[in-house]
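Asks: Please find one structure pasted underneath; my questions will follow.
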Amino acid sequence: MQNIAIAIHGGAGTITKNTLTTTQEIAFNAALKQAVEAGHRLLAKGGTALDAVELAVTILEDEPLFNAGRGSVFTKAGKHEMDAALMCGKTMAAGAVAGVRGIKNPIKLTRAILEKSDNVMLSGYGAEEFAREHAIEFAPESYFYDAYRYQQWCEVRDTNLFLMDHTEQREQKFG
Amino acid sequence: TVGAVAVDSAGNVAAATSTGGMTNKNFNRIGDTPIIGAGTYANNATCAVSCTGHGEFFIRSVVAYDISCLIEYKGYTLQEACEEVVLNKLIKIGGEGGLIAVNPAGDIALTFNSEGMYRACKRNDEQTILGIYK
Chain P
190 MQNIAIAIHG GAGTITKNTL TTTQEIAFNA ALKQAVEAGH RLLAKGGTAL DAVELAVTIL
250 EDEPLFNAGR GSVFTKAGKH EMDAALMCGK TMAAGAVAGV RGIKNPIKLT RAILEKSDNV
310 MLSGYGAEEF AREHAIEFAP ESYFYDAYRY QQWCEVRDTN LFLMDHTEQR EQKFG
Chain W
-10 TVGAVAVDSA GNVAAATSTG GMTNKNFNRI GDTPIIGAGT YANNATCAVS CTGHGEFFIR
50 SVVAYDISCL IEYKGYTLQE ACEEVVLNKL IKIGGEGGLI AVNPAGDIAL TFNSEGMYRA
110 CKRNDEQTIL GIYK
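Residue numbers (this note's numbering), protein chains in the order written: chain P, 190 to 364; chain W, -10 to 123.
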């Protein structure tokens, strides 16, 4: 019998027992569990791997805890710019976007590019125009605002530093 | 960054990755996520991979495709290929991060060289596995 399997990630970095409270740890685990089990349920019902990864990533994009979609970090200009990609191992078809703003779920835009475009990768305004033509949902800037992300940005916005996902802001970086 | 890889009941694999980039990034910087072969790759002949970490290093090392190549050309297992790239090649150039990968047989690899990676997986009717720290 063919095995079905799914794995997800929510970013990497300097994540230690000291950087997370018990409450935060519970919240992260709950969000991960929800996404992986939703994808697995879809696979168990005979759904495709492409649908399962799109669903799992959509759930993670909707969760402000992670740096994607709603939880996207702030750029130097105080905006949110998102990148995403999707690839099917059966057909080798792929869709990708770079530097898009205001797209609620960039992963859904990659699916539209994969299925409805002759291109693989679109960027910026052009990608947003393609999204409008294919009824991909947009969200206002307020949707992407998160107080914790804003605080992270405030600490470095007057410098040339940039921070990775979940990177502990160690003092020596700001000396 | 978030990502997912899966294999379905027909043995087809797929990969997806999405990110908000890096805090305070400038000049329309993009990372490895949307670059097919660097941060995201899927091929039924080998595996599906989604990466997370310091994107510039993942781009230079063409990480996701590199793992596929080690399986295809060198006969590595999924785990061996992921460890070779993340724990050996990337570390040598200072690239911090990790990846998730799955192959058509349903094997899963969750490999990272940073202090932690938010991750989860589930295979068949087995229990859901969750992890944060090393």
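Backbone N, C-alpha and C define an ideal beta-carbon position, used for all residues, glycine too.
Could you name the residues of the same chain whose beta carbon sits closer than 7 Å to that of ASN1/W, not counting the 5 residues immediately before and after it, in chain order?
Replies: ASN33.
Asks: What are the start and end residues of the beta strand (DSSP E) that includes LEU76/W?
Replies: That residue, LEU76/W, is in no beta strand (DSSP E); it is neither H nor E in DSSP.
Asks: Looking at the secondary structure, which residues open and close the beta strand (DSSP E) in which GLY108/W lies?
Replies: Correcting the residue type first, residue 108/W is Arg in the shown sequence and not Gly. First-last of the beta strand (DSSP E) with ARG108/W: 105 to 112.
Asks: Can you name, in chain order, every residue of its own chain whose Cβ lies under 6 Å from the Cβ of VAL262/P, other than the five neighbours on each side?
Replies: Hits under 6 Å: ASN256, ARG338.
Asks: Closer than 9 Å by beta-carbon distance: list the chain P residues that pair up with ILE48/W, in chain order.
Replies: Going along chain P, no residue has its Cβ under 9 Å from ILE48/W, so there is no contact; the nearest lies around 12 Å.
Asks: Do ALA283/P and ALA273/P have their CB atoms nearer than 8 Å?
Replies: Not a contact, by the Cβ cut-off of 8 Å.
Asks: Using beta-carbon positions only, say whether ILE56/W and ALA70/W come within less than 8 Å of one another.
Replies: A contact, by the Cβ cut-off of 8 Å.
Asks: Residues of the region 107 to 119 of chain W in Cβ contact with chain P at a cutoff of 8 Å, in chain order, please.
Replies: Within the region 107 to 119 of chain W, the residues whose Cβ lies closer than 8 Å to some Cβ of chain P are TYR107, ARG108, ALA109, CYS110, LYS111, ARG112, ASN113, THR117, LEU119, listed in chain order.
Asks: Looking at the structure shown, is ARG359/P part of a helix, part of a strand, or coil, going by DSSP?
Replies: Because the pLDDT of ARG359/P is 47, which lies under 50, any placement of that residue in the model is unreliable, and the number read from its coordinates should be weighed accordingly. Three-state DSSP puts ARG359/P in coil, outside helix and strand.
Asks: Just verifying my parser: in three-state terms, what is the DSSP assignment at THR299/P?
Replies: Helix at THR299/P.
Asks: State the start and end residues of the unbroken alpha helix (DSSP H) segment that holds PHE46/W.
Replies: Its alpha helix (DSSP H) spans residues 44 to 50.
Asks: In its own chain, which residues sit with a C-beta less than 6 Å from the C-beta of PHE319/P, not counting the 5 before and 5 after it?
Replies: Answer for PHE319/P: LEU311, listed in chain order.
Asks: Consider the Cβ of LEU303/P: report whether some Cβ of chain W lies at a distance smaller than 8 Å.
Replies: With 8 Å as the cut-off, LEU303/P does not count as an interface residue toward chain W.
Asks: So which residues on chain W does LYS279/P lean against when the C-beta distance must stay under 7 Å?
Replies: Within chain W, the residues near LYS279/P are ASN1, ASN33.
Asks: Is the region 192 to 199 of chain P in contact with the region 236 to 255 of chain P, if contact means three or more CB pairs nearer than 8 Å?
Replies: Touching, yes.
Asks: Are there 16 or more other CB atoms within 10 angstroms of the CB of LYS307/P, so buried, or fewer, so exposed?
Replies: Residue identity differs from the one stated: residue 307/P is Asp in this sequence, not Lys. Looking at its Cβ environment, which holds fewer than 16 other Cβ atoms inside 10 Å, ASP307/P is exposed.
Asks: Determine the chain W residues that contact PRO295/P at a beta-carbon separation under 8 Å, and present them in chain order.
Replies: Correct list: SER7.
Asks: What is the residue span of the alpha helix (DSSP H) that ASP365/P lies within?
Replies: Lying before the first or after the last residue shown, residue 365/P is absent from chain P, which here runs from 190 to 364.
Asks: Candidates VAL242/P, THR203/P, GLU344/P, GLN223/P: which alpha carbon is nearest SER7/W's?
Replies: Nearest C-alpha to SER7/W: VAL242/P.
Asks: Using a Cβ-Cβ cut-off of less than 7 Å, list which residues of the region 257 to 272 of chain P approach chain W; keep chain order.
Replies: Result list: ALA257, GLY258, GLY260, SER261, VAL262, PHE263, THR264, LYS265, HIS269, GLU270, MET271, ASP272.
Asks: Any contact of the region 105 to 119 of chain W with the region 10 to 26 of chain W, i.e. 3+ C-beta pairs under 8 Å?
Replies: The answer is no - the region 10 to 26 of chain W does not touch the region 105 to 119 of chain W, with fewer than three Cβ pairs under 8 Å.
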